[in-house]
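Before any comments, here is the structure.
Numbering (the numbering used here), first residue to last: 1412 to 1811.
Listed below in structure tokens is the structure:
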């Protein structure tokens, strides 16, 4: 088993690299290639990798999420936030809220059960930052849309958890299930967010202190990796969001340490193979066989969620007097959905057991579609917004 694990690791990296060559010729983002190759090589298509083999790499995916969150947290530099003002917060609230409201309204209007509609709609707010970040990195995107996008996707995770908590409370109040007090249902997600941020802040202070004690580049990189691993591990141990904790850690670090830029640069140089594995195994974990089973309800969710995201982002950008490209294109960069949504869908199995399995199938099918379409939509939106230079459309780095 140990030998096959290393063999599968090597196969995964080689196939991911080969896929980047193929999608380069098709002018698609590398992340799309990694996902597609993972789907093909995975247990549900060609079967090069077994379900057991893919499951054995789940810890790699969790580790990679820590690095992704660490990179996004760097966008919370106070000097930038003062310049950006309240726009990212308002946009994040509206794009998440309207995704929920649109899906709720569409499902209720088409005759679906109220509790089912509220639970499925509650998951619509979640956006997966990983694919978006990879597209931004690959094409070295810079401009007003990218500058707004990064803090928006960082804030989105916290807002999604709060909106889910509110919807969960509404479902319980309607008598769908459960015996927990209503106040506890409302308070729990807020408390989880606060605790995740506090854990991340503490780890950020510790990282700042440790970096001061070491000047060697290798040692500093080792410290950063260790702190990311610790933050992810402690978050999982206490049932907190590792994304929020890791983002909070890097947000504190980028504002406290004068060496933060050098550390982030070193970490970025370390992450390409980790991110390749993350998306490859994310693809391998997706069962495309479930797509035909989602029916009309699944199509409503997939399409209406995107409408809510786009309309919400446009409304928020308009209210904040953001530049025209932000109003027109930001919403199309918020399509991807993965880890957080799947986690919330799994939770729905215990909250509304009579609908939980249907909700999970719809979310998993939506993940397949969003993770394939999302990176392409992000690239097109950033290109039209002028955030991707024309030269970068031709000169792609296969390894990101």
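Idealized CB from N, CA, C, for every residue including glycine.
Indicate whether residue i and residue j have their beta-carbon atoms separated by less than 8 Å.
| i | j | result |
| --- | --- | --- |
| residue 1625 | residue 1471 | no |
| residue 1538 | residue 1736 | no |
| residue 1694 | residue 1446 | yes |
| residue 1507 | residue 1571 | yes |
| residue 1741 | residue 1556 | yes |
| residue 1422 | residue 1450 | no |
| residue 1601 | residue 1638 | no |
| residue 1541 | residue 1792 | no |
| residue 1517 | residue 1715 | yes |
| residue 1453 | residue 1430 | no |
| residue 1614 | residue 1660 | yes |
| residue 1567 | residue 1612 | no |
| residue 1773 | residue 1705 | yes |
| residue 1442 | residue 1690 | yes |
| residue 1632 | residue 1681 | yes |
| residue 1839 | residue 1665 | Past the edges of the chain, shown from 1412 to 1811, lies residue 1839, and the structure says nothing about it. |
| residue 1621 | residue 1604 | no |
| residue 1380 | residue 1498 | Outside the displayed span of the chain (1412 to 1811) sits residue 1380, for which this structure offers no information. |
| residue 1738 | residue 1752 | no |
| residue 1744 | residue 1794 | no |
| residue 1713 | residue 1777 | yes |
What is the DSSP secondary structure of residue i, counted as helix, strand or coil?
| i | result |
| --- | --- |
| residue 1457 | coil |
| residue 1471 | helix |
| residue 1579 | helix |
| residue 1666 | helix |
| residue 1677 | helix |
| residue 1440 | coil |
| residue 1445 | helix |
| residue 1588 | Because the pLDDT of residue 1588 is 47, which lies under 50, any placement of that residue in the model is unreliable, and the number read from its coordinates should be weighed accordingly. DSSP places residue 1588 in coil when its eight states are reduced to three. |
| residue 1650 | coil |
| residue 1554 | coil |
| residue 1435 | helix |
| residue 1567 | helix |
| residue 1486 | coil |
| residue 1462 | helix |
| residue 1811 | Note that residue 1811 scores a pLDDT of 43, beneath 50, so its modelled location is shaky; the value from the coordinates is reported in the next line. Of the three classes helix, strand and coil, the one that applies to residue 1811 here is coil, per DSSP. |
| residue 1427 | helix |
| residue 1415 | helix |
| residue 1537 | coil |
| residue 1422 | helix |
| residue 1806 | Here residue 1806 scores only 49 on pLDDT, less than 50, and its place in the model is too uncertain to base an answer on. |
I need the boundaries of the alpha helix (DSSP H) containing residue i, first residue and last residue.
| i | result |
| --- | --- |
| residue 1744 | No alpha helix (DSSP H) holds residue 1744; DSSP gives it neither H nor E. |
| residue 1506 | 1498 to 1520 |
| residue 1705 | Residue 1705 -> no alpha helix (DSSP H), and no H or E assigned at all. |
| residue 1543 | 1540 to 1549 |
| residue 1686 | 1683 to 1695 |
| residue 1799 | No alpha helix (DSSP H) holds residue 1799; DSSP gives it neither H nor E. |
| residue 1533 | 1525 to 1534 |
For residue i, is the beta carbon positioned less than 7 Å from some heavy atom of the ligand GTP?
| i | result |
| --- | --- |
| residue 1752 | The ligand GTP is not part of this structure, which contains no ligands at all. |
(Q) Would you call the segment 1468 to 1488 in contact with the segment 1704 to 1723, where contact means no fewer than 3 C-beta pairs closer than 8 Å? (A) no
Q | Three-pair Cβ contact test at 8 Å for the segment 1414 to 1428 versus the segment 1645 to 1664 | A | no
Q: Just list the alpha helix (DSSP H) runs in the segment 1592 to 1639, keeping only unbroken ones of 4 residues or longer that don't cross its boundaries, in chain order.
A: 1593 to 1624
Q: Would you mind listing the alpha helix (DSSP H) stretches within the segment 1709 to 1797 that are 4+ residues and don't spill past its ends, in chain order?
A: For the segment 1709 to 1797, whole alpha helix (DSSP H) runs of length 4 or above, ordered along the chain, are 1735 to 1740, 1750 to 1762 and 1764 to 1796.
(Q) Whether or not the segment 1479 to 1496 and the segment 1699 to 1706 are in contact is what I'm after, with contact meaning three or more pairs of Cβ atoms, one per stretch, closer than 8 Å; do they touch? (A) Flag = no, the segment 1699 to 1706 and the segment 1479 to 1496 do not touch.
Q: Kindly confirm or deny that the segment 1539 to 1553 and the segment 1519 to 1529 touch, where touching means at least three C-beta pairs closer than 8 Å.
A: no
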